[in-house]
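K.L.:
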Amino acid sequence: MIVRGPEAAMPLVRGPQPLPRAVIRQLVQCAGDAGKTVALRACGSEQDLLDALRVAGQARMEIALIDPGSCVDSERLHHVLSALPYPFVEAHDDSVDRPERCLPEGFGQRIATVRGYCAQSYLLGLEIALEHLGCTEIQGDVHVGT
1 MIVRGPEAAM PLVRGPQPLP RAVIRQLVQC AGDAGKTVAL RACGSEQDLL DALRVAGQAR
61 MEIALIDPGS CVDSERLHHV LSALPYPFVE AHDDSVDRPE RCLPEGFGQR IATVRGYCAQ
121 SYLLGLEIAL EHLGCTEIQG DVHVGT
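Mind the numbering: the sequence shown is residues 1 to 146 in UniProt numbering, read in order.
Below, the structure written as structure tokens:
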């Protein structure tokens with residue numbers, strides 16, 4: 001599951017910009033090649049983000065990619081991340097020249113942080129997540145060693 005938090009802080013909270021279709025196709029293909037499925041959730045508020053993470057835990061999610069968006073400093077998010085029953089990769093759709101802030105260290109089972117590659121950061125994060133699950137027979141042009 002890829003969970004994307006809102007991009008704007010209060011009072012005008014809005015969801016993240018849509019991912020390019022080519023990136024979505026690559027994500028679906030990469031997961032499919034590894035025998036997995038991928039779900040994409042774009043959250044329009046902090047509460048929506050928290051609810052998505054909790055529901056994923058109840059659904060016995062194996063691993064997640066999480067982009068906290070503007071909720072990176074949220075105490076509530078930090079609390080939920082600390083209690084997640086599954087590992088996650090923190091991914092940001094930022095660029096090298098406009099980096100987003102990352103979550104502080106020590107929250108939950110974060111296995112990696114990927115940033116600086118715009119929307120392709122999600123694909124790199126998915127590669128890391130799949131390798132973490134032991135899905136090493138991934139077909140494609142990208143390989144991330146862990």
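C-beta: ideal position from N, C-alpha, C; glycine also.
Taking the DSSP output, what are the residues bridged to residue 117?
P.N.:
BP columns for residue 117 point to 95.
K.L.:
DSSP three-state label for residue 42, please.
P.N.:
Residue 42: strand per DSSP, three-state reduction.
K.L.:
So what does DSSP say about residue 64, is it helix, strand or coil?
P.N.:
Here residue 64 sits in strand by DSSP.
K.L.:
Helix, strand or coil for residue 4? Go by DSSP, reduced to three states.
P.N.:
Strand at residue 4.
K.L.:
Please confirm if the stretch 61-68 is in contact with the stretch 79-86, defined as three or more CB-CB distances below 8 Å between the two stretches.
P.N.:
At 8 Å Cβ cutoff, the stretches touch.
K.L.:
Buried or exposed: where does residue 75 fall if 16 or more other Cβ atoms within 10 Å of its Cβ makes it buried?
P.N.:
The residue in question, residue 75, is exposed, as its Cβ has fewer than 16 Cβ neighbours within 10 Å.
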